[in-house]
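A.B. asks: Supplied in structure tokens, the structure appears directly below.
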Amino acid sequence: MRPLNELLQTDDFTSRHIGPTEAEQAEMLAALGVSSLDELVESTLPESIRFGGELQVGGPVTEAQALADLKAVAAKNKVFRSYIGMGYSGTHVPPVILRNMLENPGWYTAYTPYQAEISQGRLEMLLNFQQMVMDLTGMPVSNASLLDEATAAAEAMTLARRQVKSKGNVFYVADDVHPQTLDVVRTRAEYFGYEVATGPANGDIPEGTFAILVQTPGTYGDLHDLSPIAERIHAAQGALIVATDLLACALVTPPGEQGADIVIGSAQRFGVPMGFGGPHAAFLACRSEYQRSMPGRVIGVSKDARGKTALRMAMQTREQHIRREKATSNICTAQALLANMAAAYAVYHGPEGIRTIAERVHRLTGILARFLAEAGVEVVTGNFFDTLTFKGDSVAIRARAEAKGINLRYEGDLISVSLDETVAPADVEDLIEVITGTRQNDQGQEFKVLSEYQHKFISGIPEALERTSPYLTHPVFNTHHSESAMLRYLKTLENRDYSLVHGMIPLGSCTMKLNATAEMIPVTWPEFGNLHPFAPADQTQGYAQMLTELEAWLADITGYDAVSLQPNSGAQGEYAGLLTIRKYHESRGEGHRTVCLIPASAHGTNPASAAMLGMQVVVVKTDANGNIDLDDLRAKAEQHSANLGALMITYPSTHGVYEEHVTEVCEIIHAHGGQVYLDGANMNAMVGLAKPGLIGSDVSHLNLHKTFAIPHGGGGPGMGPIGVKAHLAPFLPNHEVRPVSESHTGAVSAAPFGSASILPISYLYIRLLGPAGLKKATQVALLNANYIAKKLGGAFPVLYTGRHERVAHECILDIRPLKQASGITEEDIAKRLMDYGFHAPTMSFPVPGTLMIEPTESEPKAELDRFIDAMLNIRREIQEVQDGLLKAEDSPLRHAPHTQDDLMADEWNRAYSRETAAFPTRAQRAWKYWPAVNRVDNVYGDRNFVCSCPPMEEWVGV
Ligand SMILES: *Cc1c(COP(=O)(O)O)cnc(C)c1O
Numbered sequence: 001m002r003p004l005n006e007l008l009q010t011d012d013f014t015s016r017h018i019g020p021t022e023a024e025q026a027e028m029l030a031a032l033g034v035s036s037l038d039e040l041v042e043s044t045l046p047e048s049i050r051f052g053g054e055l056q057v058g059g060p061v062t063e064a065q066a067l068a069d070l071k072a073v074a075a076k077n078k079v080f081r082s083y084i085g086m087g088y089s090g091t092h093v094p095p096v097i098l099r100n101m102l103e104n105p106g107w108y109t110a111y112t113p114y115q116a117e118i119s120q121g122r123l124e125m126l127l128n129f130q131q132m133v134m135d136l137t138g139m140p141v142s143n144a145s146l147l148d149e150a151t152a153a154a155e156a157m158t159l160a161r162r163q164v165k166s167k168g169n170v171f172y173v174a175d176d177v178h179p180q181t182l183d184v185v186r187t188r189a190e191y192f193g194y195e196v197a198t199g200p201a202n203g204d205i206p207e208g209t210f211a212i213l214v215q216t217p218g219t220y221g222d223l224h225d226l227s228p229i230a231e232r233i234h235a236a237q238g239a240l241i242v243a244t245d246l247l248a249c250a251l252v253t254p255p256g257e258q259g260a261d262i263v264i265g266s267a268q269r270f271g272v273p274m275g276f277g278g279p280h281a282a283f284l285a286c287r288s289e290y291q292r293s294m295p296g297r298v299i300g301v302s303k304d305a306r307g308k309t310a311l312r313m314a315m316q317t318r319e320q321h322i323r324r325e326k327a328t329s330n331i332c333t334a335q336a337l338l339a340n341m342a343a344a345y346a347v348y349h350g351p352e353g354i355r356t357i358a359e360r361v362h363r364l365t366g367i368l369a370r371f372l373a374e375a376g377v378e379v380v381t382g383n384f385f386d387t388l389t390f391k392g393d394s395v396a397i398r399a400r401a402e403a404k405g406i407n408l409r410y411e412g413d414l415i416s417v418s419l420d421e422t423v424a425p426a427d428v429e430d431l432i433e434v435i436t437g438t439r440q441n442d443q444g445q446e447f448k449v450l451s452e453y454q455h456k457f458i459s460g461i462p463e464a465l466e467r468t469s470p471y472l473t474h475p476v477f478n479t480h481h482s483e484s485a486m487l488r489y490l491k492t493l494e495n496r497d498y499s500l501v502h503g504m505i506p507l508g509s510c511t512m513k514l515n516a517t518a519e520m521i522p523v524t525w526p527e528f529g530n531l532h533p534f535a536p537a538d539q540t541q542g543y544a545q546m547l548t549e550l551e552a553w554l555a556d557i558t559g560y561d562a563v564s565l566q567p568n569s570g571a572q573g574e575y576a577g578l579l580t581i582r583k584y585h586e587s588r589g590e591g592h593r594t595v596c597l598i599p600a601s602a603h604g605t606n607p608a609s610a611a612m613l614g615m616q617v618v619v620v621k622t623d624a625n626g627n628i629d630l631d632d633l634r635a636k637a638e639q640h641s642a643n644l645g646a647l648m649i650t651y652p653s654t655h656g657v658y659e660e661h662v663t664e665v666c667e668i669i670h671a672h673g674g675q676v677y678l679d680g681a682n683m684n685a686m687v688g689l690a691k692p693g694l695i696g697s698d699v700s701h702l703n704l705h706k707t708f709a710i711p712h713g714g715g716g717p718g719m720g721p722i723g724v725k726a727h728l729a730p731f732l733p734n735h736e737v738r739p740v741s742e743s744h745t746g747a748v749s750a751a752p753f754g755s756a757s758i759l760p761i762s763y764l765y766i767r768l769l770g771p772a773g774l775k776k777a778t779q780v781a782l783l784n785a786n787y788i789a790k791k792l793g794g795a796f797p798v799l800y801t802g803r804h805e806r807v808a809h810e811c812i813l814d815i816r817p818l819k820q821a822s823g824i825t826e827e828d829i830a831k832r833l834m835d836y837g838f839h840a841p842t843m844s845f846p847v848p849g850t851l852m853i854e855p856t857e858s859e860p861k862a863e864l865d866r867f868i869d870a871m872l873n874i875r876r877e878i879q880e881v882q883d884g885l886l887k888a889e890d891s892p893l894r895h896a897p898h899t900q901d902d903l904m905a906d907e908w909n910r911a912y913s914r915e916t917a918a919f920p921t922r923a924q925r926a927w928k929y930w931p932a933v934n935r936v937d938n939v940y941g942d943r944n945f946v947c948s949c950p951p952m953e954e955w956v957g958v
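In this text, residue positions in the sequence shown follow full-length UniProt numbering: the first is 1, and each later residue adds one.
If you want it as structure tokens, here you go:
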């Protein structure tokens, strides 16, 4: 009979998370000529960096236990009715969107749509997002989301500086912009060298102002008349940036019709939970003249090889890979999933529905305003949409409110109340009771909004500011209003896209691992989802506990002393880390240390982040093996010794190898007074085996959406917390509204803990695996990558290897020799893989003409073998071209991907069969993924830039 502890084994999460079984691992290890995972690590990882101890983290526990425990932690959060406003509103997530998008791996496990042919679904929804933003704001172009409203304001500031004629240096911010927005803008402005001035929205504009940021409705609720402000700033050759609210835009003349040059804001209240601060999609729309330097991703319309309309990201990678140190924005991961949700909300409600919601919110606010006026309460807000600020006894009001489970905003004797779509007449009655202390009207009867105030309200929108222009007129916003129609529309889009539900996405540097269902479940618990980020601390104890534990675990895993959970992406983490370094140098009177050494192979966000902090990027060479050229590093460190601020390195390197000399590299930098920033995007090759803090670096970011199981959401959300050594801890980002430390450093994100509501995913990931499981995951990530390198190395040369010819967690296949011999490109291979049912590996990063493969530990051996089989078959197809059997331009590789349109065409005049086209191996007989369009013409789309929904005539609908 088996012992009890063995009978409990079926619930072990580690064996669910890790793809290959123990027996398969043994087989794969044998193929590599080693006998155990430990031996593989020994032959791969330099001794000097190895960590031999055990991680001090929670777990392992079973999925059922972990969820039960976390539920108890979540129960310590108190979900009050929130009227705090400040950019965060209650909203009803339409259940059809909740279940079929937010809780649906078909949507949330997809990657950024770089491979357009297998991403047409989310590209269409992101195009809807752009159209929605353009319509509501009245602007001609929009991007497809930014990280949050505050960083969108900061991006708008730098965009304006690049575009305007004014030579000025002053950025004027109206004093009723949300305080967290001002905080982030100040942080950013400092190292761009801009002076931030504040004053009334319609105040005198100081000499030398290049742009002005006005918020309407303002943080206290005031609607501003923008036209006179626009006139004045345009007369000074500057730009008007407007922060606005999409729901208000349904009723109020949009900023675009009042002279705004850039419009930003958050799309949160369009059906995305508050989530204690995020994630939500911010938007940025601008005049057409600005479009080429607009930050973030823009979805554009183009055509495919058959001439059919096809979508793709416009002006792709211009920021990341081309501009590098000349970049003015480092945005990479954004908020695709949340932008998709907001767009779906607009598709579902349509223009009528959105207008009704806006009118309801405005009417109830107007009723409250009328009541306050009658009750003699001093309201300080002028024209309004959904927010009123008044004077009152905040101590008494607060006591009554909290007793009723209600949060208002309190600032001295000013009290603000902000309404949203979830507010009903009974809630307004509660508000009246809280504000006046009684539920009774002057006749001594219980006060009733519906009967007494049906026709008694103040309109907050003056006639001159009433919106008259139509919006959301495109058919997509006027078709899917029944749940059946909406469900099918969402499903149709989902079915066009390749995600982890179909097969592996072996994108190097992106770590597309399992996002376990158990990890995802708490994200939509109301205890995590419905908290306002500025709710009082005694209501957020559950979050506090979880965040504190997560911080401690991440500190232990990385070997650092302190962690900041504020940055919303890896690139924001880089920015926050370098900011911390700059503040540290300044505190020691060494603010002149602004030189940043970065290896040539670095990810594009590294030099972009350094540039945003006013640092001078000096490129360090890499040697023939892909390692940092130590001689060049020494020489550059020596040369810039007096001003050396930092080195940014990625470990293991972006070349996918563990460099042997990393500790020496750190020592050289420290000897010259610099700090070491270790980009932790490749942490999946280190967890449990090595710690950045022990190697000698001072600060790192982690991409929780890579290593720690947060899904990529089709291009976001993400989280990029940073870990630092103790000497940097006093300089971590703080937060104006909810201080998170003693430091004097400003905020880098709108919310104090970034996108807090997705942190349960990483928390559970760590707890489910526990110390041994985490280490094993890393080991199997190495095993899977080395197995692929071994099996494919004979057909495609592996570009870089470390000790014993091993790679780390990813490998780069060099396509250049084949390209020379056959004319077949890495892009042809990437597109051809779609015919075999795969998402391509990372193309041409970090080396042009290569493919970088990262399988992660989660891929089962059968899937690895299916991929290997596909790649070897592709190699044979290339050989046929090499052997002159058919020309490159006639090969299935060049015509890939093949669509149903291709196969169904009456004529077939290709040099290969239909079967070869779409069913090249047996695997596609069992299951076939059909790309929605043929190869997309990127150049055509960039030359004929269109970022709005295609016109009626071209709109096929579904
Ligand atoms: C992914 C990645 C980044 C950027 O992270 P985001 O979360 O997309 O901003 C930075 N460096 C490296 C090496 C990466 O792979």
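Beta carbons: idealized from backbone N, C-alpha and C, even for Gly.
Is Tyr765 helix, strand or coil when you go by DSSP?
C.D. replies: helix
A.B. asks: Can you find the residues in the same chain that come closer than 7 Å, C-beta to C-beta, to Gly256, ignoring five residues on each side of it along the sequence?
C.D. replies: Thr137, Gly138, Met139, Val263
A.B. asks: Thinking Gly353 and Gly238 are a contact (beta carbons under 8 Å), I'd like their distance in whole angstroms, please.
C.D. replies: Actually they do not touch by this definition, with Cβ atoms about 38 Å apart.
A.B. asks: Can you name the residues that DSSP bridges to Met843?
C.D. replies: Residue pairing from DSSP places Met843 in a beta bridge opposite Leu851.
A.B. asks: Residues in the same chain with beta-carbon distance under 6 Å from Ala751, minus the five sequence neighbours each way, listed in chain order, please.
C.D. replies: Gly277, Gly278, Pro533
A.B. asks: When you compare the CB of Asp69 with every CB in chain D, is at least one pair closer than 8 Å?
C.D. replies: Absence of chain D from the displayed structure is noted, only one protein chain being present.
A.B. asks: Report yes or no: do three or more beta-carbon pairs, one from the segment 353-362 and one from the segment 239-258, lie closer than 8 Å?
C.D. replies: yes
A.B. asks: Between Leu681 and ligand 1, is the CB less than 7 Å from at least one heavy atom?
C.D. replies: According to the sequence shown, residue 681 is Ala rather than Leu. Relative to ligand 1, the beta carbon of Ala681 is positioned inside 7 Å of a heavy atom.
A.B. asks: Rounded to whole angstroms, what is the Cα-Cα separation between Val699 and Leu547?
C.D. replies: 19 Å
A.B. asks: Here's the rule: buried if 16 or more other CB atoms are within 10 angstroms of the residue's CB, otherwise exposed. What is Glu574?
C.D. replies: buried
A.B. asks: How many angstroms separate the CA atom of Ser48 from the CA atom of His655?
C.D. replies: 20 Å
A.B. asks: Quick check on the DSSP output: the beta strand (DSSP E) that includes Phe390 runs from which residue to which?
C.D. replies: Taken as a continuous stretch (DSSP letters only), the beta strand (DSSP E) holding Phe390 covers 387-391.
A.B. asks: Hey, could you find the ends of the beta strand (DSSP E) Tyr677 is sitting in?
C.D. replies: 675-680
A.B. asks: Just the Cα atoms here: how many angstroms apart are Ile521 and Ala552?
C.D. replies: 23 Å
A.B. asks: In the DSSP assignment, the beta strand (DSSP E) including Lys303 goes from what residue to what residue?
C.D. replies: 298-303
A.B. asks: Of the residues Ala310, Asp828, Thr825, Leu764, which one's Cα is nearest the Cα of Glu519?
C.D. replies: Leu764
A.B. asks: Closer than 7 Å by C-beta to Gln921: which residues in its own chain qualify, once you throw out the five before and the five after it? Chain order, please.
C.D. replies: According to the sequence displayed, residue 921 carries Thr and not Gln. Excluding sequence neighbours, Thr921 sits near Tyr836, Asp869, Ala870, Asn873.
A.B. asks: Work out the CA separation of Gly271 and Ala830 for me, nearest whole Å.
C.D. replies: 36 Å
A.B. asks: Just list the alpha helix (DSSP H) runs in the segment 870-928, keeping only unbroken ones of 4 residues or longer that don't cross its boundaries, in chain order.
C.D. replies: 892-895, 900-904, 914-918, 923-926
A.B. asks: How long is the line joining the alpha carbons of Leu903 and Arg832, rounded to whole angstroms?
C.D. replies: 15 Å
A.B. asks: Rounded to whole angstroms, what's the CA-CA distance from Arg162 to Arg292? Just pull it up for me.
C.D. replies: 11 Å
A.B. asks: Taking DSSP as the reference, what is the three-state secondary structure of Glu289?
C.D. replies: helix
A.B. asks: Does the distance from the C-beta atom of Asn606 to that of His809 stay below 8 Å?
C.D. replies: no
A.B. asks: Between the beta-carbon of Thr209 and the beta-carbon of Ala236, is there less than 8 Å?
C.D. replies: yes
A.B. asks: Taking buried to mean at least 16 other C-beta atoms within 10 Å of its own C-beta, is Ala68 buried or exposed?
C.D. replies: exposed
A.B. asks: Would a C-beta distance cut-off of 8 Å place Glu781 and Ala862 closer than the cut-off?
C.D. replies: The question names Glu, but residue 781 in the sequence shown is Ala. No. Outside cutoff.
A.B. asks: Is Ser755 close to ligand 1? I mean its beta-carbon at under 7 Å from any heavy atom of the ligand.
C.D. replies: Ligand 1 has no heavy atom closer than 7 Å to the beta-carbon of Ser755.
A.B. asks: Straight-line CA distance for Val724 to Ala285?
C.D. replies: 36 Å
A.B. asks: Please confirm whether Gly275 and Ala756 have their CB atoms less than 8 Å apart.
C.D. replies: yes
A.B. asks: Just to confirm my understanding: we take Ala888, look at its own chain, exclude 5 residues before and 5 after, and list those with CB closer than 7 Å. What are they?
C.D. replies: Ser822, Gly823, Ile824, Val881, Arg894
A.B. asks: Looking at C-alpha atoms only, which residue of Gly688, Ala642, Ile628 is the closest neighbour of Glu664?
C.D. replies: Ile628
A.B. asks: Assuming Pro892 and Thr916 form a contact by the criterion Cβ under 8 Å, report the distance between their Cβ atoms to the nearest whole angstrom.
C.D. replies: Yes, Pro892 and Thr916 are in contact; Cβ-Cβ is about 6 Å, under 8 Å.
A.B. asks: So, is Leu4 buried or exposed, given that buried needs 16 or more other C-beta atoms within 10 angstroms?
C.D. replies: exposed
A.B. asks: Can you tell me which of the three DSSP states Ile241 falls into?
C.D. replies: strand
A.B. asks: Taking the alpha-carbon of Gly307 as reference, which of Cys949, Phe945, Gly941, Gly218 has the nearest alpha-carbon?
C.D. replies: Selected option, being the one with the closest Cα: Gly941.
A.B. asks: For Thr622, tell me which candidate among Lys636, Met615, Gln616 has the shortest Cα-Cα distance.
C.D. replies: Closest option to Thr622, Cα to Cα, is Lys636.
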